[in-house]
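Engineer: Respectively, the protein sequence lines represent chains B and F.
Here the first sequence stands for residues 52 to 320, where the numbers follow the numbering used here.
Here the second sequence stands for residues 52 to 320, where the numbers follow the numbering used here.
Dropping a structure here in structure tokens format, bear with me for questions.
Number of protein chains: 2
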Amino acid sequence: MTTADHIGVFDSGVGGLTVLRELVRALPGKRFVYLGDTARVPYGTKSAETVVKYALGAARVLADRAQLGALVVACNTASAVALDALRSALAVPVFGVIEPGAAAGVAATRVGRVAVLATPATIASRAYEHAIHALDRRVRVFGIACPLFVPLAEAGWVDDDVARLVAERYLHPIVNGTARDVDTVILGCTHYPLLDRVIRRTVGRGRRVVDSASATAADVALALGAVTASRARARAHIEVLVTDRAMGVAETARRFFGDSVGRIARVDL
Amino acid sequence: MTTADHIGVFDSGVGGLTVLRELVRALPGKRFVYLGDTARVPYGTKSAETVVKYALGAARVLADRAQLGALVVACNTASAVALDALRSALAVPVFGVIEPGAAAGVAATRVGRVAVLATPATIASRAYEHAIHALDRRVRVFGIACPLFVPLAEAGWVDDDVARLVAERYLHPIVNGTARDVDTVILGCTHYPLLDRVIRRTVGRGRRVVDSASATAADVALALGAVTASRARARAHIEVLVTDRAMGVAETARRFFGDSVGRIARVDL
């Protein structure tokens with residue numbers, strides 16, 4: 052792993068930046084190249100077949116751009132349906148966000164009941180259920196598809212009355228329905244931490260809200276650990292690419308990383 | 052035009068079916084092939100360059116599928132930015148929805164002030180302003196971008212409290228802001244007629260709400276008129292294609308056209 056040059060990271064849009072932020076914290080001094088596939092966002096309302104095709108295309112763009120030492124699929128939908136295809140296609144380690152998110156959920160629950168908020172494609176794949184049951188068969192999993200959270204996050208409507216009303220609609224099963232006994236809510240889409248505040252307020256203080264970002268970063272750091280330690284004080288080097296103009300990605304990248312991000316380049320897919 | 056076999060119609064998703072419905076009424080007995088580019092929906096938040104590329108790809112799929120006598124771009128975003136490119140690429144007449152929508156708005160206003168509700172890409176193109184001013188330079192045009200209306204329409208949340216709140220937010224300039232003197236509202240995106248009821252309720256009864264669907268169909272019928280008359284009692288023949296699985300398209304197509312629509316085929320792009 053010491054020849055690892057860049058860590059490639061991709062998502063359908065702005066959401067994966069929440070994972071990149073944790074990766075940069077966990078792996079200071081590393082070089083990152085991030086792709087937001089904004090020409091084809093969202094992924095989560097599309098079929099598995101289409102998402103596999105898009106994920107392979109995104110990985111190809113990153114591999115053409117830089118010598119990759121690892122690829123992080125910072126998108127739950129792509130992690131749920133395209134991880135095997137990506138591992139077959141690439142010669143480097145490929146990390147997804149489902150298993151770390153599932154592990155965070157299993158670690159957090161005391162009553163053995165968790166809710167997973169995710170895109171329709173991720174919920175349909177049952178990927179969280181399988182990953183959670185691989186860790187602990189006794190945990191009950193309630194999947195809730197929240198398709199409008201991605202356009203809300205991309206539009207920047209993340210903490211207002213519309214976001215609140217949409218959250219109340221989707222999260223009703225947790226607040227006062229079939230999932231009301233859960234004590235842990237997994238944000239199973241990397242866009243959803245951008246709506247973190249409104250989601251926490253809706254499900255109430257008594258419930259823990261976890262996401263896969265920091266757990267994924269810890270997994271990747273463990274795998275690439277030897278390289279990291281020697282550069283612990285170095286500055287991150289982050290290149291951000293998009294497949295279409297995307298104000299949201301530029302703004303969020305600057306907010307998260309400041310000057311560490313150079314000019315955001317547009318690439319063709 | 053008498054050799055015209057099929058009329059090709061395309062949109063990014065379900066919205067163009069509102070135009071197809073009017074075309075079927077205006078041109079009974081005609082053969083239609085419709086493409087919903089659901090693998091890449093939405094178009095309206097993407098750049099002009101990307102939308103041109105997608106529109107050319109959609110036209111190619113339709114031309115490969117059937118002998119086209121005409122192409123109707125049943126998507127305002129693509130009509131706003133890709134019409135010239137499509138006309139250069141195709142040997143058949145290409146109809147857009149902007150000019151008919153603009154004409155409907157100019158015909159409807161008594162005070163010479165209209166609002167155009169459309170996607171960010173259509174508003175940025177100023178295509179409605181140009182089309183309206185080509186008809187009447189004195190009409191004042193207020194453009195309002197409503198990016199969340201497309202995901203709401205695709206999700207089927209078209210007449211509920213979320214749709215109402217989103218409409219109130221976007222339409223505030225009309226209800227009580229800089230555009231409050233308009234008497235006419237143009238639905239400048241073919242998805243928006245699906246939210247017709249909530250939009251009408253929000254802007255109030257005193258204002259007329261028009262869209263381009265029936266005006267576009269009348270333009271196309273006029274151009275292909277001779278063929279039509281002789282088949283006035285024939286049944287429509289409608290083939291619907293999608294680039295990805297899309298429940299919304301299937302449901303809306305059956306609701307609009309019943310048995311006239313065969314199996315909905317998925318095509319690759």
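Yeah, the Cβ is synthetic: ideal placement off N, Cα and C, and Gly gets one too.
Just so you know, these numbers come straight off a predicted model, no measurement behind them.
By DSSP, does residue 235 of chain B sit in helix, in strand, or in coil?
Structural biologist: strand
Engineer: Run through chain F and tell me which residues come within less than 8 Å of residue 88 of chain B, C-beta to C-beta.
Structural biologist: Ordered by position in chain F, no residue passes the 8 Å Cβ test against residue 88 of chain B, which lies about 11 Å from the chain.
Engineer: Roughly how many angstroms lie between the CA atoms of residue 290 of chain F and residue 68 of chain F, to the nearest whole one?
Structural biologist: 12 Å
Engineer: Does the Cβ-Cβ distance between residue 127 of chain F and residue 77 of chain F come in under 8 Å?
Structural biologist: no
Engineer: Under the three-state reduction of DSSP, which class applies to residue 181 of chain F: helix, strand or coil?
Structural biologist: helix
Engineer: Within the 8 Å Cβ cut-off, does residue 296 of chain B reach chain F?
Structural biologist: Judged by the 8 Å Cβ criterion, residue 296 of chain B is in contact with chain F.
Engineer: Return the chain-ordered ranges of every alpha helix (DSSP H) run that is complete within the region 144 to 221 of chain B and spans a minimum of 4 residues.
Structural biologist: 149 to 159, 171 to 176, 178 to 186, 200 to 206
Engineer: Consider the Cβ of residue 217 of chain B: report whether some Cβ of chain F lies at a distance smaller than 8 Å.
Structural biologist: yes
Engineer: What are the residues of the region 180 to 200 of chain F that lie near chain B, defined by any Cβ-Cβ distance shorter than 7 Å?
Structural biologist: 198, 199
Engineer: On the DSSP bridge list, what partners appear for residue 50 of chain F?
Structural biologist: Examination of residue 50 of chain F is not possible in this model, given that chain F is present from 52 through 320 alone.
Engineer: Just grab the DSSP bridge partners of residue 100 of chain B for me.
Structural biologist: Partner(s): none; residue 100 of chain B has no beta bridge.
Engineer: First and last residue of the alpha helix (DSSP H) that includes residue 138 of chain B?
Structural biologist: 127 to 140
Engineer: Report all residues from its chain with a CB closer than 6 Å to the CB of residue 198 of chain F; omit the five preceding and five following residues, and keep chain order.
Structural biologist: 96, 171
Engineer: Check the Cβ-Cβ distances between residue 279 of chain F and every residue of chain B, and say whether any is below 8 Å.
Structural biologist: Residue placement at residue 279 of chain F is flagged as unreliable, the pLDDT there being 49, under the threshold of 50; the coordinate-derived value follows with that caveat. Closer than 8 Å: no.
Engineer: Can you name, in chain order, every residue of its own chain whose Cβ lies under 6 Å from the Cβ of residue 311 of chain B, other than the five neighbours on each side?
Structural biologist: Closer than 6 Å at the Cβ level, and outside the excluded window around residue 311 of chain B, lie 287, 289.
Engineer: With a threshold of 8 Å between beta carbons, is residue 206 of chain B in contact with chain D?
Structural biologist: The chain labelled as chain D is not found among the protein chains of the depicted structure, namely B and F.
Engineer: Drop a sphere of 10 angstroms on the beta-carbon of residue 139 of chain B, count the other beta-carbons inside from all chains shown, and report buried for 16 or more, exposed for fewer.
Structural biologist: exposed
Engineer: Could you tell me which chain B residues have their CB closer than 9 Å to the CB of residue 213 of chain F, listed as they occur along the chain?
Structural biologist: 199, 213, 216, 217, 220
Engineer: Rounded to whole angstroms, what's the CA-CA distance from residue 273 of chain F to residue 297 of chain F? Just pull it up for me.
Structural biologist: 32 Å
Engineer: Using only the alpha-carbon positions, how far apart do residue 94 of chain F and residue 63 of chain F sit?
Structural biologist: 6 Å
Engineer: Could you check whether residue 86 of chain B and residue 112 of chain B sit closer than 8 Å to each other, using their CB atoms as the reference points?
Structural biologist: yes
Engineer: Alpha carbons only, please: which of B/56, B/317, B/165 is nearest the one belonging to residue 224 of chain B?
Structural biologist: B/165
Engineer: Tell me, please, whether the CB atom of residue 202 of chain B is closer than 8 Å to any CB atom in chain F?
Structural biologist: yes
Engineer: Please name the residue in F/209, F/205, F/135, F/265 whose C-alpha comes closest to that of residue 300 of chain F.
Structural biologist: F/205
Engineer: What beta strand (DSSP E) runs, 3 residues minimum, are completely inside the region 237 to 303 of chain B?
Structural biologist: 259 to 262, 288 to 293
Engineer: Does DSSP put residue 226 of chain B in a helix, in a strand, or in coil?
Structural biologist: helix
Engineer: Run the CB neighbour count on residue 129 of chain B, radius 10 Å, all protein chains shown included, and call it buried at 16 or more, exposed below.
Structural biologist: buried
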